[in-house]
Amino acid sequence: MRRGFGWVIWDFTGRMMQAGGQGEMLYGSALMIEMDAIRVVMFACQQGGFSRVVVESDFQVAIKMVKGEMAVAVEVDSILFNIQTAIREFYEVIFIFAPRSCNKASHEVATFACRVGGSYY
Numbered sequence: 300m301r302r303g304f305g306w307v308i309w310d311f312t313g314r315m316m317q318a319g320g321q322g323e324m325l326y327g328s329a330l331m332i333e334m335d336a337i338r339v340v341m342f343a344c345q346q347g348g349f350s351r352v353v354v355e356s357d358f359q360v361a362i363k364m365v366k367g368e369m370a371v372a373v374e375v376d377s378i379l380f381n382i383q384t385a386i387r388e389f390y391e392v393i394f395i396f397a398p399r400s401c402n403k404a405s406h407e408v409a410t411f412a413c414r415v416g417g418s419y420y
């Protein structure tokens, strides 16, 4: 399946600090897309020098897998390993489910990336 994703980093006051996305990627499932998006935003937060991070996703299964509340699907095992490795670099990381209506900005970035293709930061 050819898809993509978008992500947005906000500061504690609600001001957008960074955004990025990837389009025209080949994925086997929606779960792989979401886990890859989480992985990419975790690395962006590392590069940005953040110590406390709250990751919001509208894909509840992905959030449960990252938090260890659900068995990990084999197809995302290596991506989850990268996420867990990145988590160790932060003082605090919180993963929460947020309905799609709460993350419209990231969906706008994803729409752009999928329409145009390529990787954006």
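When we follow the working numbering, the leftmost residue of the sequence shown carries the number 300, and every step to the right adds one. Glycine included, C-beta positions come from ideal geometry on N, C-alpha and C. These figures come from a predicted structure and were not determined experimentally.
Are the beta-carbon atoms of residue i and residue j separated by less than 9 Å?
i: N381; j: R351; result: no
i: L330; j: F358; result: yes
i: V271; j: G322; result: Given a span of 300 to 420 for the chain in the structure shown, any question on residue 271 remains unanswerable.
i: F342; j: A404; result: no
i: V408; j: G320; result: yes
i: F411; j: Y420; result: no
Kindly list the residues whose CB is nearer than 6 Å to the CB of residue i, restricted to its own chain and excluding five residues on each side of it in sequence; keep chain order.
i: V340; result: W306
i: I362; result: S356, F394 and F396
i: V371; result: M364 and L379
i: I308; result: M316 and Q317
i: C344; result: V352
Quick one: residues in its chain with C-beta nearer than 7 Å to the C-beta of residue i, no 5 flanking neighbours on either side, listed in chain order?
i: Y390; result: S350 and R351
For residue i, report the span of its alpha helix (DSSP H) as first-last.
i: V365; result: Q359 to K366
i: S418; result: Per DSSP, S418 belongs to no alpha helix (DSSP H); it is in the beta strand (DSSP E), G417 to Y419.
Report back the beta-carbon spacing between residue i and residue j to the nearest angstrom; my notes put them in contact at under 8 Å.
i: G303; j: C413; result: 4 Å
i: V375; j: M369; result: 11 Å between Cβ atoms; not a contact.
| Which residue spans inside the segment 323 to 395 form an unbroken alpha helix (DSSP H) run of at least 4? | 329 to 346, 359 to 366 and 376 to 386
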